[in-house]
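Trainee:
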């Protein structure tokens, strides 16, 4: 059964739909804005790997040429490596969602976003950011979201949410902001001599739009969200973490001391001399 939520941004319909495609993924949504459409999916491992002490989150974003009605040229007629734009969009998706996974959660998570249609006016990157958050919110993966994301432009002195390509060409501000209903999580911007007061207004304006999109995701999760399927494991307490931090600091101090001794003596680092059986410089 499919579910759809919809709102309006900058005079255009913005919708998020789930339940029609990628049903084997833990969470999957199709985000539409104008003629641009992005499929966002997420999956997770049911258990963490043994002795794994980090959170393995993978984010991938690809813009296929068929999204713009084109076929790759050349002999092989295949898509190439990710472009710089795709790599930077992966980072835009990763930065706001990574801190929202609970401490101690070590199961592998993969978030894949694919632009499947583009209208040359609405950039898919913002759709992918919202789609990734929505997919995680629906999936049953422990995630303290959702996250709304929006691009803010300044056109003819007016702040505009999700400006089109034509509006971006005349905008003196390009600001991407992501946040929950409570706080701003990420801001990335470039501007042409915009006053500080205008920048603060743009951040407040963008966060208001982020809150609206986050509430839209909450509404969809109330209809189609899955129950929590994976619970984070309990990890070492603050005392153990503090002991490890002390050990790392002591090791760093020893390394700094060895470096100073090496500079003063003009020889090998003491730790290297110890590894060579006490042999000095040759």
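Residue numbers (my numbering): 32 to 313.
Where a beta carbon is used, it is the ideal one built from N, C-alpha and C, also for glycine.
When the distance is taken between beta carbons, is residue 190 closer than 8 Å to residue 156?
Mentor: No. Outside cutoff.
Trainee: DSSP state of residue 217, grouped into three classes?
Mentor: Residue 217: strand per DSSP, three-state reduction.
Trainee: Out of curiosity, what's the CA-to-CA distance linking residue 51 and residue 59?
Mentor: About 9 Å.
Trainee: Look at the Cβ atom of residue 248, then the Cβ atom of residue 168, and state whether they are nearer than 8 Å.
Mentor: Result yes, Cβ atoms of residue 248 and residue 168 sit closer than 8 Å.
Trainee: Tell me which residues share the same chain as residue 63 and place their Cβ nearer than 6 Å to its Cβ, disregarding the 5 neighbours each side in the sequence.
Mentor: Excluding sequence neighbours, residue 63 sits near 46.
Trainee: Considering only the alpha carbon of each residue, which of 97, 116 and 37 lies closest to residue 108?
Mentor: When each option's Cα is compared against that of residue 108, the closest is 97.
Trainee: Below 8 Å, can you find three or more Cβ-Cβ pairs linking the stretch 100-107 to the stretch 177-189?
Mentor: Judged by Cβ distances under 8 Å, the stretch 100-107 makes no contact with the stretch 177-189, as fewer than three pairs qualify.
Trainee: How about residue 161 and residue 244: do their beta carbons lie closer than 8 Å?
Mentor: For residue 161 and residue 244, yes; Cβs fall inside 8 Å.
Trainee: Is the beta carbon of residue 257 sitting closer than 8 Å to the one on residue 170?
Mentor: Yes; because the gap between Cβ atoms is below 8 Å, this pair is in contact.
Trainee: Return the bridge partner residues of residue 75 from the DSSP annotation.
Mentor: BP columns for residue 75 point to 140.
Trainee: Under a three-way DSSP split, which group does residue 191 fall into?
Mentor: Residue 191: strand per DSSP, three-state reduction.
Trainee: Got a sec, what are the start and stop residues for the alpha helix (DSSP H) residue 117 sits in?
Mentor: First-last of the alpha helix (DSSP H) with residue 117: 115-128.
Trainee: My output table needs one value for residue 182: the three-state DSSP class, helix, strand or coil.
Mentor: Strand.
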